[in-house]
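Below is one structure, written out as structure tokens; comments come after it.
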Amino acid sequence: MLFKLKYSKVDIIKILFFLLSSIILLFHSFYYLPFISDDSLISLQYAKRLLQGKGLTWTDGVPVEGYSNLLWILLISLFGLFKIDLIFLVRFLGIAFNILTLFIFFLIYDKLKYKNIFVLLLVSLYYVFSGPIAVWAIGGMEQPLLNFLFTVSFYYTIDLTNNKITKKNYLKIGIFFGLMCLTRNDSILFVLILMVSFIILNGLNKKNIINIFYFILPVIILIGAQIIFRIFYYGDIIPNPAYIKLGISKWQFDSGIVYLKNGFKSQLPVILFILVFFILSFKDKLLILLFSYLSIWLLYLLLIGGDILPAYRHITIVILIINFILIISLNNFLNLYKKSKILNFTIIFLFCVLLLFHFKGQFNDRIIKKAKAELWEWEGKEIAFMLKNGFNEPKPTVVTSSAGSIPFWSDLPVIDSLGLNDYYIPRYSKKNPLDKRIGHNMGDGYYILAREPDIIIFCGPWGSIGPCYTSEAQIADSQEFKNNYVPVLFKIENINRKITSIMWINKNSSKIGIKYNDNKIYIPAYLLSDDLRNPVFFDNKKNQFEIIISKTVPAIVKNIELDKGNYIIGTDKEISGYLEIKNIFSNKIRNVKINTNIYLIKSKYEIKLYTDKQEIVNMVIINKTGG
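Residue numbers 1 to 627, in our numbering, belong to the letters of the sequence shown in order.
The following block contains the structure:
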């Protein structure tokens, strides 16, 4: 269509329609910026580490396959070799693959020899008007690539119904379906449907068995190669997402019903419109195949409980299939009544009106609007940078449920409290039957504590005093946690907006806890606040933690065990003020000036440092000067 020496008027109109649809897609997608899914940051973490020469891994330690979109990760890694920012890259690829999908629409239209070019424009507009398409064009996940591969495979599948297909085309269909399976493991459903549909429509004889072999061979090779890689590299035949997410239960079924109800509600005007034309054209072999694809995929979503991410990402391929149903059924109807120009015009006009209602409805849909409002991943970026810069060496181990933003931007060792990127949890833990959040109801807090993490963040990057998930609840209930971890409110300075995060710090950590060095004890600023109303600040310019103390707001050292002897207690810089030293066993309190030599008996103490004026403190130092 685009590459001719001479263009007809129809060709020029098609090119203009293609450009118009592409421009609308761009602007519609940009509306949802800066949305980026935390799940996409998980994929980027794998791609980044692959580019760093650390393999297809999420963190150091036992490698696990916490992804189900291998081809997407490999594609990101390939383009990442050119030092392109990975977030920009996934947005670019997402938009590019959607535009390529639109281009294939036009090729499909030509291949089917349809004449009504206004239908082509309208179905293209339906695609780019749809909120899920726009959101996930820039959301960072593999849906645009999946839609592109499905569209190309459908282009070649058309030949199945007109007896013009060659063995070479069977191989092409198989290659693109195989690539779909590498893009999303559950795409194998489409492969099975095509096989069954082919047998039902064409019968099973020697010739058709050979044709099926040509189709299935590339799929077997590609899937087989991934399975072999999985066994040798990850030591398992099943990826982690299957352990975490697969399973059939009533609550998942109920969740799936809600997901599909909301998803179809967002597409309702168009679905109602095409229903009549679809029924009238139901004998069309391509429509039967498309309806089979649609039915099995919807049943699959019903059984797995849908998805918890914004904007119905699993509905994007449903929108694509509806697009093909629209193209075929609407053209079949208009061709049937082509002599009635008034009827043709009326149908096109009604569809235009419905498209406007559809487009408006996308901006009012509650689930789609979540993508516009979801910014916590970017707050996670600032929190991750704080962890990276504040705890650069030695690198502490962080426990978090934000399996994308925290590891991707912090470059620290991380434990995934939800288990998606952990070897032990998916294989040896049970799902919590009381927690009905898909992919978020498995965990083992006791296993996590046994790994002696340095920092624990409950409930996402912003943190929390209390737990949100199964692992976190078990951690919070543990006596070991209560003995060793203290809550700290961090506030990040010198950025456009102030961001806070509550983290539980292991005060006895060999990496970031209280340090004992000869006769000196060093207590960092983040272990000096006893009140979450008195935050620990992180200065982005200085890359250091600090606490502000005064006459009324002290720095507090709790439950510090000291041997008998003479001590000088002060801070990392010269300040004036006084100490309130309380013997925990005798409850005796002594008040002395900061940096004054004082004799203490062997005991546990609580030490408060007050200053004459407001002071910034980075560290308290307890120096034993004699026996």
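Note that beta-carbon positions come from the ideal geometry of N, C-alpha and C, so glycine has one too.
Examine chain C for any beta-carbon lying closer than 8 Å to the beta-carbon of residue i, and answer yes or no.
i: I238; result: The structure shown has no chain C; it contains just one protein chain.
How far does the beta strand (DSSP E) with residue i in it extend, from its first residue to its last?
i: S21; result: Looking at the DSSP string, S21 is not in any beta strand (DSSP E); the run it does join, the alpha helix (DSSP H), is K9 to Y31.
i: A242; result: No beta strand (DSSP E) contains A242, which is instead part of the alpha helix (DSSP H) from N240 to K245.
i: I212; result: Element bounds for I212: not the beta strand (DSSP E) but the alpha helix (DSSP H), K206 to Y234.
i: P396; result: Segment: none, P396 is in no beta strand (DSSP E) and carries neither H nor E.
i: M195; result: Note, M195: premise wrong, no beta strand (DSSP E); alpha helix (DSSP H) at I188 to N202.
i: F490; result: Y485 to I492
i: G570; result: G565 to T571
i: Y312; result: That residue, Y312, is in no beta strand (DSSP E); it is neither H nor E in DSSP.
i: R590; result: I589 to K593
i: S457; result: Checking the sequence shown, residue 457 turns out to be Ile, not Ser. Here I457 belongs to no beta strand (DSSP E), and DSSP marks it neither H nor E.
With distance defined between alpha-carbon atoms, name the residue in the options nearest to residue i.
i: N540; options: E580, D39, K498 and F232; result: K498
i: L309; options: D38, P241 and G224; result: D38
i: S529; options: D11, G565, V620 and D411; result: V620
i: G404; options: E377, E393, G247 and A525; result: E377
i: K507; options: P487, T500, F363 and I24; result: P487
i: I325; options: L301, K206 and F154; result: F154
i: I327; options: F585, Y526 and Y109; result: Y109
i: E374; options: I36, L26 and N116; result: I36
i: K588; options: T161, L600 and F18; result: L600
i: F345; options: N211, V119, F232 and L204; result: V119
i: F351; options: I622, I575 and V276; result: V276
i: L639; options: V123, I594 and I368; result: Absent from the model: residue 639. The displayed extent of the chain is 1 to 627, so no value can be given.
i: L640; options: F232, K168, Y526 and S40; result: Coverage of the chain is limited to positions 1 through 627, which leaves residue 640 absent and any answer about it impossible.
Bridge partners for residue i per DSSP, in chain order?
i: L56; result: Its beta-bridge partners do not exist; DSSP assigns none.
i: S510; result: Answer is none; S510 lacks a bridge partner.
i: L609; result: A555 and L579
i: Q544; result: D539
i: Y114; result: None, per the DSSP bridge assignment.
i: K515; result: Y522
i: N623; result: K520 and I568
i: D38; result: Note: D38 sits in no beta bridge, so no partner.
i: G463; result: I502
Mind reading off the beta-carbon distance from residue i to residue j? Whole number of angstroms is fine, and I expect it under 8 Å.
i: L44; j: L50; result: Incorrect: roughly 10 Å between the Cβ atoms, too far for contact.
i: M442; j: T470; result: 6 Å
i: Y32; j: I133; result: The pair is not a contact, with the Cβ atoms about 11 Å apart (cut-off 8 Å).
i: I271; j: I322; result: 7 Å
i: S292; j: I216; result: The Cβ separation is near 17 Å, so there is no contact.
i: P241; j: S402; result: Wrong, their Cβ atoms sit about 17 Å apart, outside the cutoff.
i: Q252; j: I304; result: 6 Å
i: L201; j: F176; result: With a Cβ gap of about 20 Å, L201 and F176 do not count as contacting.
i: Y446; j: S478; result: 7 Å
Please state whether the Cβ-Cβ distance between residue i and residue j is less than 8 Å.
i: I465; j: V399; result: no
i: S255; j: G306; result: yes
i: V152; j: A311; result: no
i: N332; j: D284; result: yes
i: L71; j: A47; result: no
i: I556; j: E606; result: yes
i: N389; j: N496; result: no
i: Y114; j: I319; result: no
i: F190; j: P269; result: no
i: V64; j: D422; result: yes
i: E472; j: F458; result: yes
i: I512; j: I505; result: yes
i: L418; j: G439; result: yes
i: N519; j: K624; result: yes
i: G94; j: P144; result: yes
i: K491; j: F537; result: yes
i: L102; j: S197; result: no
i: L222; j: G263; result: no
i: L89; j: I76; result: yes
i: G460; j: M503; result: no
i: I549; j: E615; result: yes
i: I622; j: K604; result: no
i: I383; j: S501; result: yes
Assuming residue i is part of the alpha helix (DSSP H), what are its boundary residues?
i: G577; result: It is not in any alpha helix (DSSP H) - G577 instead sits in the beta strand (DSSP E) that spans G577 to N583.
i: K111; result: L86 to K111
i: D254; result: K250 to K265
i: M442; result: Where M442 is concerned, there is no enclosing alpha helix (DSSP H), given that its DSSP letter is neither H nor E.
i: V353; result: K341 to N364
i: Y293; result: K285 to I304
i: R427; result: Y424 to Y428
i: L179; result: K167 to T183
i: N496; result: Run containing N496: none; DSSP gives neither H nor E here.
i: V64; result: First-last for V64: undefined, no H or E at that position.
i: E382; result: W376 to G390
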